[in-house]
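Number of protein chains: 2
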Amino acid sequence: MKPVETCVIGVVGLGLMGGAIAGALRKCGAAGEGKLLACDTDPHVLEAARAGGVIDEGFVTPEALLERADLVYLCLNPSTLLSFMKERMASFKKGALITDIAGVKAAICAAMEETLREDLDFIPGHPMAGSEQGGYANAGRCDFRGKNYILTPLKRNRAENIAFVKSLIHRMGFGKITETSAAAHDRKIAFTSQLCHVIAASLIDCEADTDITSFGGGSFEDLTRIAMLNAPMWTELFLENASPLLSRIDQFEKSLGELRALIAGGRAGALEQRLEAVREKRALMSG
Amino acid sequence: MKPVETCVIGVVGLGLMGGAIAGALRKCGAAGEGKLLACDTDPHVLEAARAGGVIDEGFVTPEALLERADLVYLCLNPSTLLSFMKERMASFKKGALITDIAGVKAAICAAMEETLREDLDFIPGHPMAGSEQGGYANAGRCDFRGKNYILTPLKRNRAENIAFVKSLIHRMGFGKITETSAAAHDRKIAFTSQLCHVIAASLIDCEADTDITSFGGGSFEDLTRIAMLNAPMWTELFLENASPLLSRIDQFEKSLGELRALIAGGRAGALEQRLEAVREKRALMSG
Chain P
0 MKPVETCVIG VVGLGLMGGA IAGALRKCGA AGEGKLLACD TDPHVLEAAR AGGVIDEGFV
60 TPEALLERAD LVYLCLNPST LLSFMKERMA SFKKGALITD IAGVKAAICA AMEETLREDL
120 DFIPGHPMAG SEQGGYANAG RCDFRGKNYI LTPLKRNRAE NIAFVKSLIH RMGFGKITET
180 SAAAHDRKIA FTSQLCHVIA ASLIDCEADT DITSFGGGSF EDLTRIAMLN APMWTELFLE
240 NASPLLSRID QFEKSLGELR ALIAGGRAGA LEQRLEAVRE KRALMSG
Chain S
0 MKPVETCVIG VVGLGLMGGA IAGALRKCGA AGEGKLLACD TDPHVLEAAR AGGVIDEGFV
60 TPEALLERAD LVYLCLNPST LLSFMKERMA SFKKGALITD IAGVKAAICA AMEETLREDL
120 DFIPGHPMAG SEQGGYANAG RCDFRGKNYI LTPLKRNRAE NIAFVKSLIH RMGFGKITET
180 SAAAHDRKIA FTSQLCHVIA ASLIDCEADT DITSFGGGSF EDLTRIAMLN APMWTELFLE
240 NASPLLSRID QFEKSLGELR ALIAGGRAGA LEQRLEAVRE KRALMSG
């Protein structure tokens, strides 16, 4: 790849994350003047991004973007991404480098290993940053500084392209980049992300009184902020990753059931010991 | 009661919350110069508080404090509070006003209705503010501004004393004060506080890999920060409030089980609808 400042970069999908990525690319100077294009189905979003100086040109259909972009950042839901790649495979510029942000990786990696055009390179990624307030209007809420980014490279990825993407990710402000397999990503994300969203949703689901927050001291608010979820996207993520997610739910329910039994049995000593072990384990974790 | 600035105020227990309350009393000017006393079993904590100008005098045993204090703020775990009141009932200054901060209220209110000395008044309270980092050293982490405070008045409480305590609470920076029964408090706190702590503990309990936070994007970190819990205190709170807590765990497990079934059944439409309802309900809640 040529230096990133001289590449034409195309961001496909200016939702919350696409908007935040376009903003970060512009802000860190990676996307040189006149070089940042975006495509979205909503012309108002494109106009807002253009007027705000975030992008240079906006398109409601992707052809003009794809034929010019050296680097394409696909910021789409998993199913839209898969159909986009299927329908638009012929439109990408020769030799283009592509990356994505989808929250599940196995299906996408399998499809790309099989069907990606020979001259293209597609490096699957997942920026671990977001906001419970969705859409381009909230893109400014995503703070990438120090956040995790996962890459699940394909066998076919060229080493120099992986290095190029990693350098760009750091330049946008992300902290730790972890490379792993798509399967390991999906198993771990089922825990750190999807299970947490299912739990937050269940906490809200099981209480009818919306004034309950008069009795809140921060814990409930922190645990349920992510219940403000984008329902279509999370439905897709949960179902696409159902098998790892279901087993994570089962593991969580087992621990919950064991703590419940200690409480029901009034077993103070064993309960305190278990909570102390939890405290010690959490203290070893970052964040 | 006389004006608060002229009262001698005694804080019993300089842990996280006792320390934060002493600090807030001093900072807001409610405790006049020379008037703020504290008692703690740890002389180093007393010395730190005195040297820092937070308190005027510190005592390792409570007698000297109790015989002088017009207002006593009991910042103790529930069981310690109950035994303290039993053992020290004779030591309080005549006509003293007492309040507490314990996270469960029914047992304390019942004991006070039955055994409180005739000339004393005891207004049970629960400040909904804390930090997962415990102890006096972390008292500065408690930010009271805008936080909730629950009072569960006894039948015998004098109206002017309730008004006095409420005015003091607002002066320390708290936002909304809710008056309710001890039983209602315990049922609601079982949900907003205790269930959330049980969930956070279960999330940590069910995962062995402490490097899992390399795959964290904020959700897992937010949901498990409170797993850094004070094990003896939370054991006490869970067991003291076991019955409401167990029924809250059951309600949560029911919602979780239903969401699990929708995921396992691949029921996209019903799942999306349920998540959308969750989103709408959460949007009506504050915090």
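First to last, the protein sequences are chains P and S.
When we follow numbering that gives the first Met the number 0, the leftmost residue of the first sequence carries the number 0, and every step to the right adds one.
When we follow numbering that gives the first Met the number 0, the leftmost residue of the second sequence carries the number 0, and every step to the right adds one.
By construction, the Cβ of each residue, glycine as well, lies at the ideal position given by its N, Cα and C atoms.
For A47/P and G12/S, the rounded distance between their alpha carbons
Numbered from 1 along the second sequence, position 13 holds the residue referred to as residue 12/S. Numbered from 1 along the first sequence, position 48 holds the residue referred to as residue 47/P. Spanning the two alpha carbons is a distance of roughly 56 Å.
Between the beta-carbon of I225/P and the beta-carbon of E131/P, is there less than 7 Å?
Numbered from 1 along the first sequence, position 226 holds the residue referred to as residue 225/P. Numbered from 1 along the first sequence, position 132 holds the residue referred to as residue 131/P. I225/P is a Cβ neighbour of E131/P, given a cutoff of 7 Å.
Expected contact under 8 Å - CB spacing of T212/S and S285/P to nearest Å:
Translated into the one-based positions of the second sequence, residue 212/S becomes position 213. Translated into the one-based positions of the first sequence, residue 285/P becomes position 286. The pair is a contact, with the Cβ atoms about 5 Å apart (cut-off 8 Å).
Given a limit of 8 Å on CB to CB distance, which residues of the stretch 39 to 63 of chain P reach chain S?
Per Cβ criterion, the list is empty.
Please state if the CB of I248/S and the CB of R259/P are separated by a distance shorter than 7 Å.
To locate residue 259/P, count along the first sequence from 1; it is residue 260. To locate residue 248/S, count along the second sequence from 1; it is residue 249. It is a contact, given that the beta carbons lie within the stated cut-off.
Please confirm whether V164/S has its beta-carbon closer than 7 Å to some beta-carbon of chain P.
Residue numbering aside, residue 164/S sits at position 165 when the second sequence is read from its first letter. By this cut-off, V164/S is not an interface position.
To the nearest angstrom, how far is it from the Cα of G22/S to the Cα of Q250/S?
To locate residue 22/S, count along the second sequence from 1; it is residue 23. To locate residue 250/S, count along the second sequence from 1; it is residue 251. If I take the Cα positions, the gap works out to 39 Å.
Between the stretch 25 to 34 of chain S and the stretch 230 to 247 of chain S, are three or more C-beta pairs nearer than 8 Å?
No, the stretch 25 to 34 of chain S is not in contact with the stretch 230 to 247 of chain S.
Which residues, taken in chain order from the stretch 207 to 230 of chain P, show a beta carbon closer than 9 Å to some beta carbon of chain S?
Within the stretch 207 to 230 of chain P, contact with chain S at the beta-carbon level (separation under 9 Å) is assigned to A207, D208, T209, D210, I211, T212, S213, F214, G215, G216, G217, S218, F219, E220, D221, L222, T223, R224, I225, A226, M227, L228, N229, A230.
C-alpha distance - V103/S paired with V3/S, whole-angstrom precision:
One-based indexing of the second sequence puts residue 103/S at position 104. One-based indexing of the second sequence puts residue 3/S at position 4. Here the alpha carbon of V103/S sits roughly 27 Å from the alpha carbon of V3/S.
Indicate whether at least one CB of chain S lies closer than 7 Å to the CB of N240/P.
For the purposes of this step, residue 240/P is identified with residue 241 of the first sequence, where counting begins at 1. At a cut-off of 7 Å between beta carbons, N240/P makes no contact with chain S.
Could you give the DSSP three-state label for D185/S: helix, strand or coil?
Within the second sequence, numbered from 1, the residue matching residue 185/S stands at position 186. D185/S: helix per DSSP, three-state reduction.
Which bits of chain S does H169/P rub up against, with CB to CB less than 8 Å?
In the first sequence, residue 169/P corresponds to position 170, counting from 1. In chain order: nothing, as chain S lies at least about 15 Å away.
Please identify the residue among L244/P, S90/P, M227/P, R155/P whose C-alpha is closest to the C-alpha of G256/S.
Taking the first residue of the second sequence as 1, we reach residue 256/S at position 257. Nearest option by C-alpha distance: L244/P.
If I'm right that R281/P touches T234/S with Cβ under 8 Å, what's the distance once you round it to whole angstroms?
If you number the first sequence from 1, residue 281/P lands on position 282. If you number the second sequence from 1, residue 234/S lands on position 235. Actually they do not touch by this definition, with Cβ atoms about 16 Å apart.
Quick check: is the beta carbon of R144/P nearer than 7 Å to any beta carbon in chain S?
Reading the first sequence from its first residue, position 145 is the one you call residue 144/P. When Cβ-Cβ separations below 7 Å define contact, R144/P makes no contact with chain S.
Taking 7 Å as the threshold (C-beta atoms), are N229/S and G133/S in contact?
Walking along the second sequence from the start, residue 133/S turns up at place 134. Walking along the second sequence from the start, residue 229/S turns up at place 230. With a cutoff of 7 Å on beta-carbon distance, G133/S and N229/S are scored as near each other.
Measure from the C-beta of V11/S to each C-beta in chain P and report whether the shortest distance is under 7 Å.
Indexing the second sequence from 1 puts residue 11/S at position 12. Chain P contact via Cβ: absent.
Which residue wins for smallest C-alpha separation from K1/S, given the options G215/S, L270/S, L96/S?
For the purposes of this step, residue 1/S is identified with residue 2 of the second sequence, where counting begins at 1. Nearest C-alpha to K1/S: L96/S.
Taking the straight line between their C-alpha atoms, what separation do you get for E112/P and D120/P?
Residue mapping note: residue 112/P aligns to position 113 of the first sequence, counting from 1. Residue mapping note: residue 120/P aligns to position 121 of the first sequence, counting from 1. Our two residues, E112/P and D120/P, have alpha carbons roughly 10 Å apart in a direct line.
Of all the options V7/S, L236/S, A200/S, which has the alpha carbon lying nearest to the alpha carbon of F219/S?
Along the second sequence, one-based indexing puts residue 219/S at 220. Restricting attention to V7/S, L236/S, A200/S, the CA atom closest to the CA of F219/S is found in A200/S.
Taking Cβ to Cβ, would you say D55/S is nearer than 7 Å to G33/S?
Looking up residue 55/S in the second sequence gives position 56. Looking up residue 33/S in the second sequence gives position 34. A contact, by the Cβ cut-off of 7 Å.
If contact means a Cβ-Cβ distance below 8 Å, which residues of the stretch 191 to 203 of chain P contact chain S?
Against chain S - using a Cβ distance shorter than 8 Å - the residues of the stretch 191 to 203 of chain P are T191, S192, L194, C195, H196, V197, I198, A199, A200, S201, L202, I203.
Grab me the residues of P126/S's own chain with a C-beta within less than 6 Å of its C-beta, minus the 5 sequence neighbours each way, in chain order.
Locating residue 126/S in the second sequence gives position 127, where the first residue counts as 1. Closer than 6 Å at the Cβ level, and outside the excluded window around P126/S, lie I100, Y148.
Alpha-carbon spacing of E279/P relative to L167/P, whole angstroms
The residue labelled residue 279/P in the question sits at position 280 within the first sequence. The residue labelled residue 167/P in the question sits at position 168 within the first sequence. If you take the alpha carbons of E279/P and L167/P, they lie about 36 Å apart.
Within 10 angstroms of the Cβ of H196/S, are there 16 or more other Cβ atoms? Answer buried if so, exposed if not.
Against the second sequence, residue 196/S aligns to sequence position 197. Buried, since its Cβ has 16 or more Cβ neighbours within 10 Å.
Whose Cβ in chain A lies nearer than 7 Å to the Cβ of G14/P?
The structure shown contains no chain A; the protein chains it does contain are P and S.
Spell out whether any CB of chain P is found under 7 Å from the CB atom of E279/S.
As a working mapping, residue 279/S is identified with position 280 in the second sequence. Not closer than 7 Å to any Cβ of chain P, the Cβ of E279/S fails to qualify, so no.
Helix, strand or coil, according to DSSP, for T98/P in the structure here?
In the first sequence, counting from the first residue as 1, residue 98/P sits at position 99. Correct three-state label for T98/P: strand.
Select from A162/S, I262/S, V10/S the residue whose C-alpha is nearest the C-alpha of L194/P.
The residue labelled residue 194/P in the question sits at position 195 within the first sequence. Ranking A162/S, I262/S, V10/S by Cα distance to L194/P puts I262/S first.
Helix, strand or coil, according to DSSP, for I244/S in the structure here?
Taking the second sequence and counting its residues from 1, one reaches residue 244/S at position 245. It is worth fixing the name first, because residue 244/S is Leu in this sequence and not Ile. The three-state reading of DSSP puts L244/S in helix, counting H, G and I together.
Beta-carbon proximity of G124/P to L150/P, cut-off 7 Å
For this step, residue 124/P is matched to residue 125 along the first sequence. For this step, residue 150/P is matched to residue 151 along the first sequence. Yes, Cβ-Cβ distance for G124/P and L150/P is below 7 Å.
Test item: CB-CB of G57/S and R67/S under 7 Å:
Translated into positions along the second sequence, residue 57/S becomes position 58. Translated into positions along the second sequence, residue 67/S becomes position 68. No; because the gap between Cβ atoms is not below 7 Å, this pair is not in contact.
Hey, V164/S and I107/S: beta-carbon distance below 7 Å or not?
In the second sequence, counting from the first residue as 1, residue 164/S sits at position 165. In the second sequence, counting from the first residue as 1, residue 107/S sits at position 108. No Cβ-Cβ contact shorter than 7 Å links V164/S with I107/S.
Buried or exposed for V53/S, going by 16 or more other Cβ atoms inside 10 Å?
Counting from one through the second sequence, the residue named residue 53/S turns up at place 54. Its Cβ being crowded by 16 or more others within 10 Å, V53/S is buried.
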